[in-house]
Amino acid sequence: DAMVIQNPRYQVTQFGKPVTLSCSQTLNHNVMYWYQQKSSQAPKLLFHYYDKDFNNEADTPDNFQSRRPNTSFCFLDIRSPGLGDAAMYLCATSRGAGREAQYFGPGTRLTVL
Amino acid sequence: GQNIDQPTEMTATEGAIVQINCTYQTSGFNGLFWYQQHAGEAPTFLSYNVLDGLEEKGRFSSFLSRSKGYSYLLLKELQMKDSASYLCAVRDEIAAGNKLTFGGGTRVLVKP
Numbered sequence: 016d017a018m019v020i021q022n023p024r025y026q027v028t029q030f031g032k033p034v035t036l037s038c039s040q041t042l043n044h045n046v047m048y049w050y051q052q053k054s055s056q057a058p059k060l061l062f063h064y065y066d067k068d069f070n071n072e073a074d075t076p077d078n079f080q081s082r083r084p085n086t087s088f089c090f091l092d093i094r095s096p097g098l099g100d101a102a103m104y105l106c107a108t109s110r111g112a113g114r115e116a117q118y119f120g121p122g123t124r125l126t127v128l
Numbered sequence: 002g003q004n005i006d007q008p009t010e011m012t013a014t015e016g017a018i019v020q021i022n023c024t025y026q027t028s029g030f031n032g033l034f035w036y037q038q039h040a041g042e043a044p045t046f047l048s049y050n051v052l053d054g055l056e057e058k059g060r061f062s063s064f065l066s067r068s069k070g071y072s073y074l075l076l077k078e079l080q081m082k083d084s085a086s087y088l089c090a091v092r093d094e095i096a097a098g099n100k101l102t103f104g105g106g107t108r109v110l111v112k113p
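These protein sequence lines map, in sequence, to chains A and B.
Note that the working numbering numbers the first sequence so that position 42 is 57, with each residue one more than the last.
Note that the working numbering numbers the second sequence so that position 20 is 21, with each residue one more than the last.
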């Protein structure tokens, strides 16, 4: 039944060691999003894909990259994690640009040692 | 730019009603969403308003006034499981995708 799946749920990495977070969806939605949410703060959009078109937020650091090899999968790569990158990373999907709700995955909590 | 304000925290009693207000000042507007988020979990969709007025869905209702840049989420017959953060989010008018800007969330604590 799971519609937006994120793996792993908990990820520990070392300072500066690259890490990849994974998101998959069974909804066949066109749009996939990555958000960063720090403790007690609002989710902050990092980037989104509309089909294969990548849209980066202006204030997303270069340290964060994303790949969407097909409709179902999207990856978040953090090239050199810093202590400030410790957060919950949420993947979300929506069907398109109309009156569509975004559906969130369970999130990956990233710890940077 | 986007500015979305909601109270940080509210406390209410089981069985009571709580109203969570959200005000927004945004460069564009194409709808307002409310999400519920339990601690350590992902946000789940509650409601959507794009036209002025009240949308009712069971125990939850959401209201929008576009001229005032104001929305509220009304939770009736509160249950202990309603203790969570409630996020107000405004959608930008953009050509592609569905960009949401979230408020900081209102943490609701339901007491017996």
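A virtual CB, placed ideally from N, CA and C, is assigned to each residue, including glycine.
Given the structure is predicted, the values throughout are model-derived calculations rather than measurements.
Here's the rule: buried if 16 or more other CB atoms are within 10 angstroms of the residue's CB, otherwise exposed. What is residue i?
i: Arg-92/B; result: buried
i: Gly-32/B; result: buried
i: Ile-18/B; result: exposed
i: Ser-54/A; result: exposed
i: Ile-85/B; result: A quick correction: the sequence has Ala, not Ile, at residue 85/B. Classification for Ala-85/B: buried.
i: Gln-20/B; result: exposed
i: Gln-29/A; result: exposed
i: Asp-83/B; result: buried
i: Pro-58/A; result: buried
i: Val-111/B; result: buried
i: Gly-122/A; result: buried
i: Asp-100/A; result: buried
i: Phe-34/B; result: buried
i: Phe-79/A; result: buried
i: His-39/B; result: exposed
In angstroms with no decimal places, state the Cα-to-Cα distance between residue i and residue j.
i: Leu-65/B; j: Leu-101/B; result: 16 Å
i: Thr-14/B; j: Tyr-49/B; result: 26 Å
i: Ala-97/B; j: Pro-8/B; result: Low confidence applies to Ala-97/B: its pLDDT is 49, below 50, so where it sits in the model is not reliable, and the reading given next is rough at best. Spanning the two alpha carbons is a distance of roughly 31 Å.
i: Thr-75/A; j: Thr-86/A; result: 23 Å
i: Arg-124/A; j: Ser-37/A; result: 12 Å
i: Leu-61/A; j: Ile-20/A; result: 18 Å
i: Asp-77/A; j: Asp-92/A; result: 10 Å
i: Val-46/A; j: Gly-120/A; result: 14 Å
i: Thr-108/A; j: Gly-59/B; result: 25 Å
i: Gln-52/A; j: Gly-106/B; result: 12 Å
i: Arg-108/B; j: Leu-55/B; result: 22 Å
i: Asn-71/A; j: Leu-128/A; result: 27 Å
i: Pro-33/A; j: Leu-98/A; result: 13 Å
i: Pro-96/A; j: Thr-41/A; result: 29 Å
i: Cys-89/B; j: Arg-110/A; result: 20 Å
i: Tyr-36/B; j: Asn-22/A; result: 22 Å
i: His-63/A; j: Phe-69/A; result: 6 Å
Nearest by alpha-carbon distance to residue i: which of the options is it?
i: Gly-29/B; options: Thr-9/B, Asn-4/B, Trp-35/B and Thr-12/B; result: Asn-4/B
i: Arg-83/A; options: Gln-26/A, Lys-53/A and Thr-35/A; result: Thr-35/A
i: Phe-103/B; options: Gln-20/B, Leu-76/B, Lys-112/B and Tyr-87/B; result: Tyr-87/B
i: Tyr-104/A; options: Gly-111/A, Ala-116/A, Cys-89/A and Phe-69/A; result: Cys-89/A
i: Glu-42/B; options: Tyr-25/A, Pro-96/A, Gly-111/A and Glu-115/A; result: Tyr-25/A
i: Thr-27/B; options: Lys-58/B, Pro-44/B and Tyr-71/B; result: Tyr-71/B
i: Met-18/A; options: Cys-89/B, Thr-45/B and Gln-38/B; result: Thr-45/B
i: Asp-66/A; options: Pro-33/A, Leu-98/A and His-44/A; result: His-44/A
i: Glu-10/B; options: Asn-22/A, Val-27/A, Gln-56/A and Thr-41/A; result: Gln-56/A
i: Phe-61/B; options: Cys-89/B, Leu-79/B and Val-51/B; result: Leu-79/B
i: Leu-52/B; options: Cys-89/B, Asp-6/B, Arg-67/B and Lys-77/B; result: Arg-67/B
i: Ser-81/A; options: Tyr-48/A, Asn-22/A and Pro-23/A; result: Tyr-48/A
i: Met-81/B; options: Leu-74/B, Ser-63/B, Lys-69/B and Pro-113/B; result: Pro-113/B
i: Ser-39/A; options: Thr-126/A, Glu-115/A, Cys-106/A and Ala-116/A; result: Cys-106/A
Can you give me the start and stop residues for the beta strand (DSSP E) that residue i sits inside?
i: Ala-102/A; result: 102–109
i: Asp-83/B; result: Careful: Asp-83/B lies outside any beta strand (DSSP E) and carries neither H nor E.
i: Gln-26/A; result: 25–28
i: Glu-62/B; result: For the record, residue 62/B in the displayed sequence is Ser; it is not Glu. Looking at the DSSP string, the run of the beta strand (DSSP E) that includes Ser-62/B is 61–66.
i: Met-11/B; result: 10–14
i: Val-127/A; result: 123–127
i: Asn-31/B; result: Counting along the chain, Asn-31/B falls outside any beta strand (DSSP E), and DSSP gives it neither H nor E.
i: Lys-112/B; result: 107–112
i: Val-19/A; result: 19–22
i: Gln-26/B; result: 19–26
i: Leu-55/B; result: 54–58
i: Asp-6/B; result: 4–6
Mind pulling the beta strand (DSSP E) runs of 3 or more residues that sit fully within the segment 38–118 of chain A? 46–52, 59–65, 68–71, 79–82, 88–93 and 102–109
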